[in-house]
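Worksheet: the structure to be examined is printed underneath.
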Amino acid sequence: MNNSDEPLFDDNGIKDNPGTPAVRERIRQLTDKQPYAVLCVQGEGQPYGALVAFVFSEDLRHAVFVTPIATRKYRLLSECDHVALVIDDRHNKADELMEIEAVTVTGRSQLIERGGEFDQWAGLLLSRHPYLESFVKAPTCALFRVDVLRFLHVARFQEVNQWIPDAHS
Amino acid sequence: MDSGRPLLIALDAPGPWHQQLVGGKAAKLAQLAHAGFNVPRGFCLTTRAYDAFLMKNARISAAIRMELGRKPMDDMRWEEIWDAALRIRAIFLAQPLSATLRETIAEDLRGLDTSKPLAVRSSAVGEDAAGRSFAGLHESIVGVHGRQAVEDAVRLVWASLWSDAALLYRKELGLDPANSRMAVVVQEMIDADYSGVAFARDPRDMRKDCALIEAVPGPCSLLVDGLVDPDRWELDRKSHSIIAWLPGQRDDAPHDDPLLEACDLERILDTLLSAEQLFGWPPDMEWTGRSDSLTVLQARPITTAVPDDDEKRAWFLSLRPGDARLKALRERVAEQLIPELESVGQAFAAEPLDLLDDQQLADAIEQRSAALAKWKKVYWDDFIPFAHGVRRLATYYNDAVHAQDPYEFVGLLRNQPLIAKQRNEAIGQLAQQLAADDTLRSAIERVIEEGDGSVHWPAFHDALMRDSDSAVDFLHDFDDLKQRFLDVSFDHERLYDQSEPMLRNLLELAQAPGQSLSDELEADTVAVLEKRLLDAVGPERYEEALELIETGRVSWKLRDDDNLLVARLESQLLRALDEAAQRLKALDRLSGEVRPNISHVEIVAAALREPSAGPIALEAPAENLTAELSGTASGETPRQMTGQPASPGTATGRVRCIRGSSDLGKFRHGEVLVCDAIQPTMTHLVPLASAIIERRGGMLIHGAIIARELGIPCVNGVRDAAGILENGDLVTVDGYLGIVVVGAAEFDLELGIKRS
Numbered sequence: 001m002n003n004s005d006e007p008l009f010d011d012n013g014i015k016d017n018p019g020t021p022a023v024r025e026r027i028r029q030l031t032d033k034q035p036y037a038v039l040c041v042q043g044e045g046q047p048y049g050a051l052v053a054f055v056f057s058e059d060l061r062h063a064v065f066v067t068p069i070a071t072r073k074y075r076l077l078s079e080c081d082h083v084a085l086v087i088d089d090r091h092n093k094a095d096e097l098m099e100i101e102a103v104t105v106t107g108r109s110q111l112i113e114r115g116g117e118f119d120q121w122a123g124l125l126l127s128r129h130p131y132l133e134s135f136v137k138a139p140t141c142a143l144f145r146v147d148v149l150r151f152l153h154v155a156r157f158q159e160v161n162q163w164i165p166d167a168h169s
Numbered sequence: 170m171d172s173g174r175p176l177l178i179a180l181d182a183p184g185p186w187h188q189q190l191v192g193g194k195a196a197k198l199a200q201l202a203h204a205g206f207n208v209p210r211g212f213c214l215t216t217r218a219y220d221a222f223l224m225k226n227a228r229i230s231a232a233i234r235m236e237l238g239r240k241p242m243d244d245m246r247w248e249e250i251w252d253a254a255l256r257i258r259a260i261f262l263a264q265p266l267s268a269t270l271r272e273t274i275a276e277d278l279r280g281l282d283t284s285k286p287l288a289v290r291s292s293a294v295g296e297d298a299a300g301r302s303f304a305g306l307h308e309s310i311v312g313v314h315g316r317q318a319v320e321d322a323v324r325l326v327w328a329s330l331w332s333d334a335a336l337l338y339r340k341e342l343g344l345d346p347a348n349s350r351m352a353v354v355v356q357e358m359i360d361a362d363y364s365g366v367a368f369a370r371d372p373r374d375m376r377k378d379c380a381l382i383e384a385v386p387g388p389c390s391l392l393v394d395g396l397v398d399p400d401r402w403e404l405d406r407k408s409h410s411i412i413a414w415l416p417g418q419r420d421d422a423p424h425d426d427p428l429l430e431a432c433d434l435e436r437i438l439d440t441l442l443s444a445e446q447l448f449g450w451p452p453d454m455e456w457t458g459r460s461d462s463l464t465v466l467q468a469r470p471i472t473t474a475v476p477d478d479d480e481k482r483a484w485f486l487s488l489r490p491g492d493a494r495l496k497a498l499r500e501r502v503a504e505q506l507i508p509e510l511e512s513v514g515q516a517f518a519a520e521p522l523d524l525l526d527d528q529q530l531a532d533a534i535e536q537r538s539a540a541l542a543k544w545k546k547v548y549w550d551d552f553i554p555f556a557h558g559v560r561r562l563a564t565y566y567n568d569a570v571h572a573q574d575p576y577e578f579v580g581l582l583r584n585q586p587l588i589a590k591q592r593n594e595a596i597g598q599l600a601q602q603l604a605a606d607d608t609l610r611s612a613i614e615r616v617i618e619e620g621d622g623s624v625h626w627p628a629f630h631d632a633l634m635r636d637s638d639s640a641v642d643f644l645h646d647f648d649d650l651k652q653r654f655l656d657v658s659f660d661h662e663r664l665y666d667q668s669e670p671m672l673r674n675l676l677e678l679a680q681a682p683g684q685s686l687s688d689e690l691e692a693d694t695v696a697v698l699e700k701r702l703l704d705a706v707g708p709e710r711y712e713e714a715l716e717l718i719e720t721g722r723v724s725w726k727l728r729d730d731d732n733l734l735v736a737r738l739e740s741q742l743l744r745a746l747d748e749a750a751q752r753l754k755a756l757d758r759l760s761g762e763v764r765p766n767i768s769h770v771e772i773v774a775a776a777l778r779e780p781s782a783g784p785i786a787l788e789a790p791a792e793n794l795t796a797e798l799s800g801t802a803s804g805e806t807p808r809q810m811t812g813q814p815a816s817p818g819t820a821t822g823r824v825r826c827i828r829g830s831s832d833l834g835k836f837r838h839g840e841v842l843v844c845d846a847i848q849p850t851m852t853h854l855v856p857l858a859s860a861i862i863e864r865r866g867g868m869l870i871h872g873a874i875i876a877r878e879l880g881i882p883c884v885n886g887v888r889d890a891a892g893i894l895e896n897g898d899l900v901t902v903d904g905y906l907g908i909v910v911v912g913a914a915e916f917d918l919e920l921g922i923k924r925s
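Quick note, the sequences are listed as chains A and B, same order.
When the letters of the first sequence are read in order and numbered with this note's numbering, they come out as residues 1 to 169.
When the letters of the second sequence are read in order and numbered with this note's numbering, they come out as residues 170 to 925.
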């Protein structure tokens, strides 16, 4: 598999699963059930992670989150749009390592300006996280959409499956 | 949710009724009804209806969780708790009932006599558990007419599950967004001549074999709300004979004509003891009517009051006077107390202390100290409860207008002639004089610098007269400002003696663009909101609405003025102590550099009275260690602090902490004002600030309201703000979200960049 848009990762050793319904469904279930993700960003070579409340679009091609603009993650997002999200269910299964599932999502972030598509994406986020209403409305908050490049689904500790929505659409 | 559970149950429907479904009050009423007691007809909207409402309106649960999780509730001041409850109340009112729920209510209303008013009462799960009563924490609304009003009242009663008082007792109540529920009882109101409360045992001493009956003329709410003093009978439980009768006060005097006759008392006692037999515990029963028409309004286990081991909470609950008491309080505060306080301050200020002999000066000091103590007590007993006038207006306005912004009503309070507003206008005019006169401004700057930062008034006066032609007018106006407005204490120091901070503030204000709202614009806002409220309540309630607006305004103004007027008494006490200190120093009877403060009254007065006694030394005031103790450990720095979004907007600037009077003059235009609370004494600094951070939280505190009026971002309720933040810290204040970001988002540490 080759994706010129995503030069940071090589694919050696990862099972390239053509998004079988089973894997895709596991990813969907995990992203549906888990409200929070670790957002991974970087700046000048320094990685940084922060917890965000997210929601995925129905087709799993996009994720949306919101952040205040006075934050480190906002500054880094403004400088570099290469991002990852880590979503997992370990808090439900702390003692059951083999049952824990996780998804690492890689993609590009895009600031959604007010007007245009803003209401559509903000509405999607609020449908999942209604308590964020005052955040989304605040002029000091920025709404970001992550355009997904790749999903890496991890189960049973080491079993990793990859799904690239665009490659198999 | 179990869809098999009913949304609504008629009170006379066959039981058993589960408390989890109907709450304590309804369960007991139904039990009484089934046992043949006379209870008003009605129905119970079950906890399933509450569940359904919350499930349909996911925003409500989310809002409750956000309010309760914003910061540790133990760190919240009661004003913040009240704010949280107000916002929760507003969101309940803003959500519609589902069509199913509306139809269900309408159907059952048809079974009641809706030509008469209805009562809509709370019936929370577990609220009347034996041994503890939380009466008064949740809302009951009487005099409700029509279907729409019933729907509104139902939402208000639901919201009262999260009332300020309930949030205060959240631990005892086990309040939890996931599990707490509220049922609602809707009943016909009984129009009876007499009503009251009866206790199967004396709540003051449950071992005594006697019952108590209290009665008032009219509805029971008069007694429960404390508006009418009841007649009280003590009765023997076995023989039913009257042990004692204590007449209630009528027109401030006891009367000699008992409200109830022996047959009425007999009937009430019989009912009470039968209820005790039914429940298996001695009840506290509200009743109305007499003899054959006696109706039981509710029954619950006897408790002394809200269980309380916490004086602060009990005090807080006393801060919610009803409308009648609020009106009486308004008259007392506005017409009697404030004028009296004002004249006491004026009399002290007019007293020529230098003409008094030492004995007279000692008398004057003690008199001032006693007056200060007396007025501080009045402050707690009358002025603070009167602050409820503003909060009452808030709920009244929101209930009527259903405003999107629960603080929209604040516009009604604008344009009040607060003392602080008058002072700020006088300061503004002086600043304008300086702005227009470069020579005068430079002269003041020079004279302050020559004085090495401190200003000795006579020398300053002379130097300025020498340096500037226009100094005469300025000095005259500045002196006038001092006389009228700076004869107050701030942080237990007398501002009148310190001209330098105010001069520095004037210099800053002279260079800052003016920021104030025009009176015309404010008047427009007031008129629009007043009309909005009157339109919403309708002509029949104009008088009531105007009365509450007036009470709110007077409360708003006086709650600011009272601070300054009490601070003036302290200033006058400090003036007398300073006079004494000068005399004692001249005689070498006072050593050290400590200026006397209000804790030195006794020692200074005694020294004045005993000319032969030896010299005295004054103890320096203890350093405030709070900030140090609550600071963060080495290596730990707060990066983002949370509080309440008290005024929208965002600004980045350097911190200036105002911890005492010496900090006032250091404030520079564009700095972020950080303090414990913006006091009326320092509101003139607000227009200079780029943003405000306060430890004291609340949307209705003066700092927040002034910030909103001037469009300055404000976050308040930030824990230990002035203790943690240091002068010069770079902060970004986000008044939309209620967060304060400390420092810039840098990665210099990770990237190995060394700071210069």
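Backbone N, C-alpha and C fix where the C-beta goes; we use that ideal spot for every residue, glycine too.
Just so it is clear, the structure is predicted and the values come from calculations on it, not from any experiment.
Cβ shell of residue i (< 6 angstroms), same chain only, five flanking positions each side left out
i        : result
ARG350/B : THR216, TYR219, VAL294
ASP636/B : ALA612
VAL105/A : LEU85, VAL148, PHE151
ALA102/A : ASP88, VAL154
GLY312/B : PRO286
ALA890/B : VAL843, ILE862, ARG864
For residue i, the nearest candidate out of the options (CA to CA)
i        : options                                : result
GLN467/B : GLY192/B, GLU788/B, PRO372/B, PRO849/B : GLY192/B
LEU664/B : VAL900/B, VAL393/B, GLY834/B, PRO427/B : GLY834/B
ASP394/B : PRO882/B, ARG373/B, SER364/B, ALA413/B : SER364/B
LEU672/B : HIS661/B, ASN567/B, VAL616/B, LEU715/B : VAL616/B
GLY417/B : LEU391/B, ALA431/B, ARG436/B           : LEU391/B
GLY892/B : LEU703/B, ILE507/B, GLY829/B, LEU506/B : GLY829/B
Residue environment, residue i, which counts as buried when at least 16 other CB atoms sit within 10 Å
i        : result
GLU748/B : buried
HIS91/A  : exposed
LEU77/A  : buried
GLY43/A  : buried
LEU51/A  : exposed
GLY711/B : What sits at residue 711/B in the sequence shown is Tyr, not Gly. Under this definition TYR711/B is an exposed residue.
ALA775/B : exposed
ARG114/A : exposed
PRO185/B : exposed
THR564/B : buried
Same chain, Cβ closer than 7 angstroms to residue i, neighbours up to 5 away in sequence not counted
i        : result
GLY107/A : VAL83, VAL146, ASP147, VAL148, LEU149
LEU111/A : ALA142, PHE144
ASP181/B : ALA202
ARG324/B : PHE261, LEU262
ARG354/B : Before going further, note that residue 354/B is Val rather than Arg in the sequence given. These residues qualify, in order along the chain: LYS194, ALA195, LEU198, GLY211, CYS213, ARG290, SER292.
C-alpha gap between residue i and residue j, whole angstroms
i        : j        : result
ASP638/B : GLU614/B : 15 angstroms
VAL706/B : ALA318/B : 12 angstroms
GLY866/B : ASP551/B : 22 angstroms
SER284/B : ASP119/A : 47 angstroms
ALA745/B : GLN751/B : 10 angstroms
VAL200/A : GLY907/B : This structure does not reach residue 200/A, given that chain A is present from 1 up to 169, and the question cannot be answered.
LEU603/B : ARG653/B : 20 angstroms
LEU447/B : PRO423/B : 36 angstroms
LEU30/A  : SER816/B : 39 angstroms
The ligand MG heavy atom lying under 7 angstroms from the CB of residue i
i        : result
PRO386/B : This structure simply doesn't include the ligand MG, nor any ligand for that matter.
Cβ-based contacts, 8 angstroms cut-off: residues of the segment 209-241 of chain B near chain A: Cβ contacts with chain A: ALA227, ARG228, ALA231, ALA232, ARG234, MET235.
Cβ-based contacts, 7 angstroms cut-off: residues of the segment 31-57 of chain A near chain B: Against chain B - using a Cβ distance shorter than 7 angstroms - the residues of the segment 31-57 of chain A are GLY43, GLU44, GLN46.
Interfacial residues, the segment 873-894 of chain B to chain A, with Cβ spacing under 8 angstroms: Residues passing the 8 angstroms Cβ filter: none.
Selection of the segment 259-278 of chain B by Cβ proximity to chain A, strictly under 7 angstroms: For the segment 259-278 of chain B, the beta-carbon criterion of a distance under 7 angstroms to any beta-carbon of chain A is satisfied by none of its residues.
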